[in-house]
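Right, one structure below, let's go through it.
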Amino acid sequence: QYLLDNCGIQSRLKQAEHDFSMTDALYDYLQKKPVVGIMGGHVLKRDSKTYEQVVRIAQKLASLGFVVISGGGPGAMEAANLGAYLGNKSDSDIDIALNIIKTPSADYDPELPQYTDVAAARRVVEKFGKPGNMASIGVPTWKYGNEPSNVFASFHAKFFSNALREDILIQSSNCGILYAAGSAGTRQEMFQDSCRNHYAEMDGYESCPMIFLDSQYWKTNGFFDIMQNISQGKPYGNLLKLHDKTV
């Protein structure tokens, strides 16, 4: 917090040094690993259909050997890391974990967002053990101090610069990104991902899939159509897909 409050040159230099170290360590860890990004809103409720879908999709990806990377916060990000955390568990274990995390703690204030009930998430960890058996990464930021980092990622790489954090999330997802329901932040990531894919050939790498979970949601708000229009005539146009199933 001292670094955030004191915006002098020394603070800026220390923040840049920290973020460089995080970037270097993260890229070293992810080198030659297949990575799938899962993006979505921080207010996604734990008892929602989409939350469960994200958990089960991430669990399947982790069981197949993919590293799941998210923004490291609550909501859809928590669901992504929770699913990967359960990558070597059974379907019945997933059911148990979902029942635990969507059951409010005794001292939870229902006037507050669900993600403030950190105790519910910790009960899942008490049941299944500390993260680490299955690889998943959280990439949170101090910019959104109201969003707690979730407890399920194997590793967190937390950044001062949200701009750098967003770019790293996109660039690290070398096997594509799944987009769950989300607001401005998620939609910003969609445009950044589209830009990456748009110029992929020029930059010397392959385009990556962009998967939109809940076809009604993304068609109704028009964002899937926007992405399709941007991708016209580009190879990644064939990699944009609407998805409604769990796996």
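Quick note: the sequence shown uses the numbering used here, first residue -2, plus one each step.
Glycine residues also receive a C-beta, built at the ideal position from the N, C-alpha and C atoms.
Classified as exposed, Cys192 has fewer than 16 neighbouring CB atoms from the shown chains inside 10 Å of its CB. Our two residues, Glu123 and Tyr48, have alpha carbons roughly 21 Å apart in a direct line.
Met36 is bridged by DSSP to Tyr176. According to DSSP, residue pairing for Ile54 in a beta bridge does not occur.
Exclusion of the five residues before and after Ser169 leaves Leu27, Val32 and Ile66 as the residues of its chain whose Cβ lies within less than 6 Å of its Cβ. Taken through DSSP and simplified to helix, strand or coil, Gly80 comes out as helix. Put simply, the stretch 59 to 73 does not touch the stretch 87 to 98. Fewer than three CB pairs are less than 8 Å apart. About 5 Å separates the CB atoms of Ala118 and Val148; that is less than 8 Å, so the two are in contact. In the DSSP assignment, Leu239 falls within the beta strand (DSSP E) that extends over Leu237 to His240. Beta-carbon to beta-carbon, Ala55 and Ala81 are separated by about 5 Å, close enough to satisfy the 8 Å threshold.
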